[in-house]
Structures are given as C-alpha cells and as structure tokens.
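Written out below as structure tokens is the structure these notes cover.
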Amino acid sequence: MNIRYAKPIDKEQVVSVWNYCFEDGEDFVKYYFENVYDENNTIIIEENDEVLSALQLNKYTIDLRDNKYDVSYVVGVSSKPEVRGLGYMKHLMAYTLEELYKNGEIVSLLMAIDYRLYKRYGFDHCYDQIQYNLRTDELLGFRLSSKLRKATFEDAETLSRIYTKAMESLNGYAVRDEVYFNRFIKEVSSESGYIYIDEENNSYIAYYIQGDTFFVRELIYNNISSLKSMLAYIYNHNTQCKKTVINAPVDDKIKLIIANLKTCEIKLIPFMAGRVINFEKYIESLNSCNIDTQKINNKYIKIKVIDKYIKQNNSVFKISVCDNKIKIQRVEEDYDIELDINSITQLAFSYLNTDEIFMLNEIDESSLINTQKELLNVLFEKRINYIDELV
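Going by the numbering used here, the final residue of the sequence shown carries number 509, and the count climbs one at a time with no gaps.
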C-alpha cells in the first residue's frame, strides 16, 4: 500500500474510480475534472501502479465568525469495490488529516454521504439547509417586480456582490469572488441548469428543471421584494413544472410569506460536516474575531481535548484571557472539562452552543464555576451556518 499525492498520469484512473462510486452525469464529471480537479490536491492509495482509493482536497476560503479561513474541502472519497472493508479508507483519512495539520490548516470541510463513516475521524455535522416542497401553483399570489435575465460570465462580479451582501447575516459560508462565479456558471450548466439574475432587485436564482419539478439550488436575495419577485418567476413555470423544490438557509423567509404553510412540506436537510484540524491555532485565531473580551478578561479554563487522529490536539489546554487577549497553552495539569474533537468542532463552527454540548455529553454544569461557563459562552457563540458548495 502506497499513499501519496496524485501525478498527472493517475488522472484517468482517479476518474474511473469516481465514476464507479458516484452517479454524476458525464457532463458534470467532465466539468469537474477539467475545472476543479488538481492532482496536487488529490491523495491516492496505489498498489502496483493501480489507483485503489482517492480523495480530493479542494481549496476554499470560508467566513467563520467574521474571520477568514483557508480550508480544504474533502470530496470524492472513493475506493474500488475489491478493497472496501479492508481498512484502505482508514489509512487514507489518517494520512489526509496528518497532511492538513502539517500544511497549517485550522479547520476543514467534508460532504458526508453517511455521517457514520466520518464521525470516527473527527468530522461532525455543522451545516443544515431547509428544503421546501410545494405545488408550483401555490405561488400564484406573487408578482414580478422587474425583468430577469440569464446570467453570463460577464455577470460574475455582480453575482459575487449579490451573494456577499446576502451572506452578511450568516456564518461559515464560502467566500465567492468573480473567479468562483465564472466556475459556478460552468458547474450549473454542466448539469443542464440555469442562473437568472435580477440586478434591479439585487438577487439571483440557480435552478434545474427535472421533469415536472422546478428544483432551486440557490435563491439568493437581499430583501422581501426581491424574494417575492423570484417566487413569481418560479410560478410562471407552473404549466411546465407542477412541483417546486427550494433549498435555502435555515433562516430563510419563504416560510413567512407563502399563503398556505399546510400545503408546503418543509424539511431540515443535513448538509455539511466540519472538523477542527489545529485546536491551538483555532483558539489563537479568535483574537481576529469580533469577540468582546472585556466580559471574560482574567478568566481561564482547562480543557482536555480527545482526538484519536491528530495527536497534537490530544492534550490538556489552558485557555485564558489576559489584557483582553485570548491565549492558549498546553499544560500537564488537571482539567476542568473533557471534550472530544467532534464536540470541539461543533462549538468552533458555531453550530451548537455550550448548553447543547453539555447536554449531549452529559456534562454536569455545576462542575464548572460561573466564570468558566461564561468564558465558554463568549468564545463559542452559536450562529446560523450556511454553505452550498457541492465540490
């Protein structure tokens, strides 16, 4: 078994393993391997020049608690059938986590087909979306307030501006620039999708027509007027598409303005997992976030972190605030609280708050003094997460 980064000669085999494992259309696979795939970010297991397992570490920047983090998004985790159940994935993931730490990354993302496969490696659920399922004619009451037009590559800057404005109230989202949207237009097109833009109302919609279903991947808007206009645009497809499915952030406002909620099914869709790669660097990075350290000045807590795959995280850390600066150091002392890296991750991504983590881990809150709980509450603040990156 040889684990290494891919070379140009490996690409054809990586594509073959991908095609065996995933049900993507030919056009999407062509798009991905021509526009996103990079052998320098691909880790493989090979034996006798045969690629048996692979994954990609696609590069993104996310905004987490108003701080920017360069992350590797783990995608395309795949193995040939003859090596499944033989521990190849365990070796691949262990090697990958070591590489991420060595490369200085602080947090990472992973799209999990089955969370049970990845929780053992410290990845845990950090993002949801809500999904609306309704009859298209239920959107009858909305009216277009301006004319939409099909987005082109020349609209990349406008799409980036609309998206960035809409993300201001959200957390954990991918930072998207003009280069990203040029690629996004290709991605949606590769699956026979459409992007229409309403520049006047500062909104856009990315969607697919799948038989009699109008499937909305993204509906990005910046005010209720633009949302209503977009819903009218969807309604105007009612003779073509009897059903509409809309994916959206969990704080989306559609549920507040549609006429009859009882005829609209709303689902919570688990979407993305995250992981803290370097706990020390994550705590240090909080100094760049907009945290009111006045409330927690001269307070400290000692946390024992359990991480079975990144040994550098597996330690007791003293987190303190002195002169309004957050500090962290390894100590060989008793600890106040013990948390595994999964719980640390859900706190760090602002997906759960300390009360929820205490409940899930059956931690007796009375074991901490009030100042320690206050410190945790300020450092780990729950927010509304959103991300929609597929690869």
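We treat Cβ as the ideally placed atom computed from N, Cα and C, and that holds for glycine.
Looking at the structure shown, is residue 358 part of a helix, part of a strand, or coil, going by DSSP?
coil
Can you say whether residue 270 is buried or exposed, counting buried as having 16 or more other CB atoms within 10 angstroms of its CB?
exposed
Can you check which of these residues, 441, 406, 401 and 367, is closest to residue 417 by C-alpha distance?
441
Under 8 angstroms, do residue 191 and residue 163 count as touching if we go by C-beta distance?
no
Mapping DSSP to helix, strand and coil, what is residue 190?
The three-state secondary structure of residue 190, taken from DSSP, is strand.
Considering Cα atoms alone, identify which of 430, 463, 462 and 459 is closest to residue 447.
430
When the Cα of residue 337 is compared with those of 203, 132, 379 and 504, which residue comes out closest?
504
Is residue 158 closer than 8 angstroms to residue 301 when the C-beta atoms are compared?
no
Are residue 280 and residue 343 close, meaning C-beta to C-beta below 8 angstroms?
In this structure, residue 280 lies away from residue 343, with their beta-carbon atoms at least 8 angstroms apart.
Going by C-alpha distance, which of 238, 346 and 358 is nearest residue 330?
358
Can you tell me whether DSSP reads residue 281 as helix, strand or coil?
DSSP places residue 281 within a helical segment (H, G or I) once states are collapsed to three.
Among the candidates 394, 362, 477 and 398, whose CA atom is the shortest distance from the CA of residue 383?
362
Quick check on residue 443: does DSSP put it in helix, strand or coil?
strand
Output the distance between the C-alpha atoms of residue 210 and residue 399, rounded to the nearest integer angstrom.
24 angstroms
Give me the residue from 451, 298, 286 and 325 with the minimum Cα distance to residue 276.
298
Which residue spans inside the stretch 401 to 434 form an unbroken beta strand (DSSP E) run of at least 3?
418 to 424
Do you know offhand how far residue 434's Cα is from residue 480's?
20 angstroms
With respect to the alpha helix (DSSP H) encompassing residue 171, which residues constitute its N-terminal and C-terminal limits?
No alpha helix (DSSP H) holds residue 171; the beta strand (DSSP E) holding it covers 168 to 182.
Which class does residue 256 belong to by DSSP, given the choice of helix, strand or coil?
helix
Could you check whether the stretch 215 to 223 touches the stretch 305 to 322, counting it as contact only if at least three pairs of C-beta atoms, one from each stretch, sit closer than 8 angstroms?
no
With a Cβ-Cβ cutoff of 8 angstroms, do residue 193 and residue 229 count as a contact?
yes
In the DSSP assignment, find the unbroken beta strand (DSSP E) run with residue 325 in it and report its ends.
321 to 328
Starting from residue 160, trace the beta strand (DSSP E) in both directions and tell me its first and last residue.
160 to 165
Sort 425, 349 and 132 by Cα distance to residue 371 and report the nearest one.
349
Can you tell me the Cα-Cα spacing of residue 99 and residue 202, whole angstroms?
Examination of residue 99 is not possible in this model, given that the chain is present from 119 through 509 alone.
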